[in-house]
Amino acid sequence: MTGEDTRLRRRRRRRRRRRRRRDEERKKRREGEEEEEEEEEEEKEEEEEEEEEEEEERKKRREGEEEEEEEEEEKRRGEEEEERRRRGGGGGGGGGGEGGRGGGGGGEEEEERKKRREGEEEEEEEEEEKRRGEEEEERRRRGGGGGGGRGGGGGGEEEEEEEEERKKRREREEEEGN
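Here is the structure:
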């Protein structure tokens with residue numbers, strides 16, 4: 793009877809030890825899985841931050857390109873203005889592309905028209921800059937990844953394509969994440 797009791801006690805002790813070992817292993821596995829999940833979450837956050845930084849860089853590049861285009865446009869206008877002044881407003885070709893109006897001796901009228909045109913162009917440029925500023929503010933309010941869709945000059949299509957690629961990439965990442 794006592795021999796059987798000791799055998800039972802030993803068996804129970806072994807079972808308890810095995811159970812404890814299994815529990816410990818499960819616990820370690822769980823902790824390992826949690827660590828993995830945390831690492832994956834951190835990687836995802838880092839990728840999102842990198843994407844936001846890339847978006848910021850692209851935005852800055854676009855703004856720089858737009859500024860360059862504006863500067864080139866202003867330079868071109870200045871050269872055209874200089875060319876018109878050299879020709880002497882109104883003589884010969886009708887005042888630099890005015891379709892023959894104000895022929896010989898119409899220099900004063902041409903000067904007034906020129907000044908009005910320049911004033912209108914400056915107003916348009918100011919409105920354009922104001923609009924861009926408002927759009928930029930709107931994009932900032934929406935946060936990274938929003939916005940897009942607007943292109944200065946002929947760059948709109950490229951920007952839309954980039955936005956489309958970003959959307960597709962995000963969708964793929966979300967699908968892979970699930």
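Going by the numbering used here, the final residue of the sequence shown carries number 970, and the count climbs one at a time with no gaps.
The C-beta atom is built at its ideal place from N, Cα and C for all residues, glycine as well.
The model shown is predicted, which means the values in this text are computed figures rather than measured ones.
Exercise for review: Work out the CA separation of residue 861 and residue 832 for me, nearest whole Å.
Suggested key: 43 Å
Review point. Do you know offhand how far residue 818's Cα is from residue 969's?
Key: 25 Å
Review point. Thinking C-beta only, is residue 876 closer than 8 Å to residue 922?
Key: no
Practice item. State the Cα-Cα distance for the pair residue 864 and residue 824, rounded to the nearest angstrom. Key: 59 Å
Review point. Thinking C-beta only, is residue 850 closer than 8 Å to residue 953?
Key: no
Check your understanding: Among the residues of its own chain, which have a CB less than 6 Å from the CB of residue 939, if the five just before and after it don't count?
Key -> Low local confidence applies: a pLDDT of 44 at residue 939 is under 50, so the model's placement there is unreliable, and no value is given.
Review point. Does DSSP put residue 969 in a helix, a strand or coil?
Key: helix
Review point. From residue 821 to residue 829, what does the alpha carbon distance come to, in whole angstroms?
Key: 12 Å
Exercise for review: Return yes when the C-beta of residue 908 is under 7 Å from any heavy atom of the ligand HEM, and no when it is not.
Suggested key: Questions concerning the ligand HEM fall outside what the structure shown contains, since it holds no ligand whatsoever.
Exercise for review: Using a threshold of 8 Å, state whether the C-beta atoms of residue 951 and residue 854 are closer than that.
Suggested key: Contact flag set, yes.
Check your understanding: Residue range of the alpha helix (DSSP H) that residue 870 falls in?
Key -> 794 to 879
Exercise for review: Could you check if residue 847 is buried or exposed, using at least 16 other CB atoms within 10 Å of its CB as the buried criterion?
Suggested key: By the neighbour-count rule (16 or more Cβ atoms within 10 Å), residue 847 is buried.
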